[in-house]
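Peer 1: What follows is a structure written as structure tokens; I'll ask about it next.
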Amino acid sequence: MRRVWIIVAIALLAGTGCASKKGAYNYVPRDQGLAIDMEAQDMEGTESRASIHHGMARMFLKQGRYDDAENQARLSLGIAPEDPEGHFILGQVYRQQRRVELAEAAFRRAIELDKKFADAHNELAVTYDLLGKHPDAIVHYDIALKRSPENPEYLANKGFSLIMQRKYDEAEQVLTLGLEVDPYHARLHNNLGLAYGLRGNYNRAFVEFKQGGSLCMAYYHLGFTYEKRGDLHNAYQVYGKALEIDPGMTKAREKLEEIAGHLAKR
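Here it is in structure tokens:
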């Protein structure tokens with residue numbers, strides 16, 4: 001958790017009749033010193049109360065209780081309206097609710113309050129990708145990566161953004177760099193597999209998909225790449241292999257039904 005620790009140093013320099021003399025030591029009168037100390041304690045108390053709501057909001061987010069998470073984020077901002085963490089969490093809630101424009105505004109506000117907030121830049125970039133503003137997304141991925149160059153989540157997200165822009169060479173470079181940092185990162189493997197597959201390199205794609213999850217999911221992802229390239233016959237066969245491995249895989253079954261409908265119309 002990002003916390004801002006406020007340290008107030010008060011020097012009380014006592015002297016007989018020196019305070020009013022020109023060139024004498026400056027000092028903080030006892031009552032003023034106590035007032036500053038109480039203000040600092042109040043600020044720390046405010047931060048502590050807001051952080052409690054942060055924790056509750058995150059818990060509700062993980063549970064998918066987005067209305068409750070939003071309420072907790074708003075309570076935190078009621079206590080500390082200029083706390084970037086509160087705006088950041090509210091943005092995460094909005095994005096999960098698919099209120100993407102509101103998410104954008106919340107992340108932008110978090111960055112206005114803390115321009116070095118790498119996670120906020122990353123989340124704003126993801127939001128821009130959802131809005132189709134891919135060049136803006138890349139700008140903020142790069143800012144986040146400048147703060148944390150080896151963050152595998154940032155690299156996975158930037159790689160996927162480049163895939164959506166069909167910049168497969170750049171995507172492969174970014175995702176390969178991520179795997180040098182974290183060789184077992186599932187999304188990096190799956191995104192790299194997608195970059196290979198969408199260029200027609202299905203063998204290399206399947207290798208990456210197998211390292212990114214179960215064999216069942218590897219076939220599903222391979223089927224997705226065939227489908228995206230318009231090869232519905234191979235997509236149908238590969239989705240079928242995924243369903244053979246896991247007969248309860250609903251999304252593979254749905255894909256087979258969808259593709260069967262398209263093939264029947266040809």
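Each residue of the sequence shown is one higher than the one before, counting from 1 in the numbering used here. Note that beta-carbon positions come from the ideal geometry of N, C-alpha and C, so glycine has one too.
1. Which term fits residue 203, buried or exposed, when burial requires 16 or more other beta carbons within 10 angstroms of its beta carbon?
2. Among the residues of its own chain, which have a CB less than 6 Å from the CB of residue 250, if the five just before and after it don't count?
3. Determine contact between the stretch 98 to 105 and the stretch 67 to 84, defined as no fewer than three beta-carbon pairs at a distance below 8 Å.
4. Counting along the chain, where does the alpha helix (DSSP H) carrying residue 205 start and finish?
5. On the three-pair Cβ rule with 8 Å, is the stretch 122 to 138 touching the stretch 149 to 165?
6. If you reduce the DSSP assignment to three classes, tell me which class residue 168 lands in.
7. In the structure shown, what three-state DSSP assignment does residue 41 receive?
8. Taking 6 Å as the limit between beta carbons, can you name the residues of its chain near residue 270, skipping five residues before and five after?
9. With H, G and I counted as helix, E and B as strand and the rest as coil, what does DSSP make of residue 262?
10. Would you mind sorting residue 265 into buried or exposed? The rule is 16 or more other CB atoms within 10 Å of its CB.
11. Select from 54, 69, 52 the residue whose C-alpha is nearest the C-alpha of residue 60.
12. How would you call residue 140, buried or exposed, if buried means at least 16 neighbouring beta carbons within 10 angstroms?
13. Contact check, residue 198 vs residue 175 under 8 Å by CB: the rounded distance?
14. Classify residue 247 as buried or exposed, calling it buried when 16 or more other Cβ atoms lie within 10 Å of its own Cβ.
15. In angstroms with no decimal places, state the Cα-to-Cα distance between residue 40 and residue 53.
16. Here's the rule: buried if 16 or more other CB atoms are within 10 angstroms of the residue's CB, otherwise exposed. What is residue 86?
17. I need the straight-line Cα distance from residue 124 to residue 229, nearest angstrom please.
18. Residue 56 to residue 259, Cα distance in whole Å?
19. Taking all protein chains shown into account, decide if residue 255 is buried (16 or more other Cβ within 10 angstroms of its Cβ) or exposed.
20. Answer yes or no: do residue 235 and residue 227 have a C-beta to C-beta separation smaller than 8 Å?
21. Classify residue 62 as buried or exposed, calling it buried when 16 or more other Cβ atoms lie within 10 Å of its own Cβ.
22. Report yes if the C-beta distance between residue 144 and residue 171 is below 8 Å; otherwise report no.
23. Buried or exposed: residue 48, going by 16 or more other Cβ atoms within 10 Å of its Cβ?
24. With a 10 Å radius around its C-beta and 16 neighbouring C-beta atoms as the bar for buried, classify residue 98 as buried or exposed.
25. Which of helix, strand or coil does DSSP assign to residue 236?
26. Alpha helix (DSSP H) containing residue 141: first to last residue?
27. By alpha-carbon positions, which one of 73, 182, 215, 67 ends up nearest to residue 150?
Peer 2: Taking the geometry as given:
1. Position 203 of the sequence shown, counted from the start, is the residue given in the question as residue 203. By the 10 Å Cβ count, residue 203 comes out exposed.
2. By one-based count along the sequence shown, residue 250 stands at place 250. Around residue 250: no qualifying Cβ.
3. no
4. To locate residue 205, count along the sequence shown from 1; it is residue 205. Start and end: 202 to 211.
5. yes
6. By one-based count along the sequence shown, residue 168 stands at place 168. In the structure shown, residue 168 sits in a helix (DSSP, three-state: H, G or I).
7. Counting from one through the sequence shown, the residue named residue 41 turns up at place 41. At residue 41, the pLDDT of 42 sits below 50, so the modelled position is not reliable; the number obtained from the coordinates is stated separately. Helix at residue 41.
8. Not covered by the structure: residue 270. The range shown for the chain is 1 to 266.
9. For the purposes of this step, residue 262 is taken as residue 262 along the sequence shown, with counting starting at 1. Reduced to three states, the DSSP call for residue 262 is helix.
10. Walking along the sequence shown from the start, residue 265 turns up at place 265. The residue in question, residue 265, is exposed, as its Cβ has fewer than 16 Cβ neighbours within 10 Å.
11. Working through the sequence shown from its first residue, we reach residue 60 at position 60. Each of 54, 69, 52 was checked against the Cα of residue 60, and the nearest Cα belongs to 69.
12. By one-based count along the sequence shown, residue 140 stands at place 140. Classification of residue 140: buried, given that the 10 Å Cβ count is 16 or more.
13. As a position in the sequence shown, residue 198 is number 198, starting the count at 1. As a position in the sequence shown, residue 175 is number 175, starting the count at 1. Not really, about 13 Å apart at Cβ, beyond 8 Å.
14. Residue 247 sits at position 247 when you count from the first residue of the sequence shown. By the 10 Å Cβ count, residue 247 comes out exposed.
15. Along the sequence shown, read from residue 1 onward, the residue named residue 40 stands at position 40. Along the sequence shown, read from residue 1 onward, the residue named residue 53 stands at position 53. Note on residue 40: pLDDT 39, under 50, position unreliable in the model; the coordinate value appears next. Rounded to whole angstroms, residue 40 to residue 53 spans 20 Å at the Cα level.
16. In the sequence shown, residue 86 corresponds to position 86, counting from 1. Buried is the call here.
17. In the sequence shown, counting from the first residue as 1, residue 124 sits at position 124. In the sequence shown, counting from the first residue as 1, residue 229 sits at position 229. Cα-Cα distance, rounded: 29 Å.
18. As a working note, residue 56 is residue 56 in the sequence shown. As a working note, residue 259 is residue 259 in the sequence shown. Using only the alpha carbons, I get a separation of about 43 Å.
19. As a first step, residue 255 must be located in the sequence shown, where it is residue number 255. So residue 255 counts as buried.
20. Stepping through the sequence shown from its first residue, residue 235 is reached at position 235. Stepping through the sequence shown from its first residue, residue 227 is reached at position 227. The answer is yes: Cβ separation under 8 Å.
21. Within the sequence shown, numbered from 1, the residue matching residue 62 stands at position 62. The residue is exposed, with fewer than 16 neighbouring Cβ atoms inside 10 Å.
22. By one-based count along the sequence shown, residue 144 stands at place 144. By one-based count along the sequence shown, residue 171 stands at place 171. In this structure, residue 171 does not lie closer than 8 Å to residue 144 by Cβ.
23. Working through the sequence shown from its first residue, we reach residue 48 at position 48. Under a 10 Å Cβ-count criterion, residue 48 is classified as exposed, with fewer than 16 other Cβ atoms of the shown protein chains found around its own Cβ.
24. Residue mapping note: residue 98 aligns to position 98 of the sequence shown, counting from 1. Under this definition residue 98 is an exposed residue.
25. Residue numbering aside, residue 236 sits at position 236 when the sequence shown is read from its first letter. The answer is helix: DSSP assigns residue 236 an H, G or I state.
26. Indexing the sequence shown from 1 puts residue 141 at position 141. That run of the alpha helix (DSSP H) goes 134 to 147.
27. Numbered from 1 along the sequence shown, position 150 holds the residue referred to as residue 150. When only C-alpha atoms are compared, the closest one is 182.
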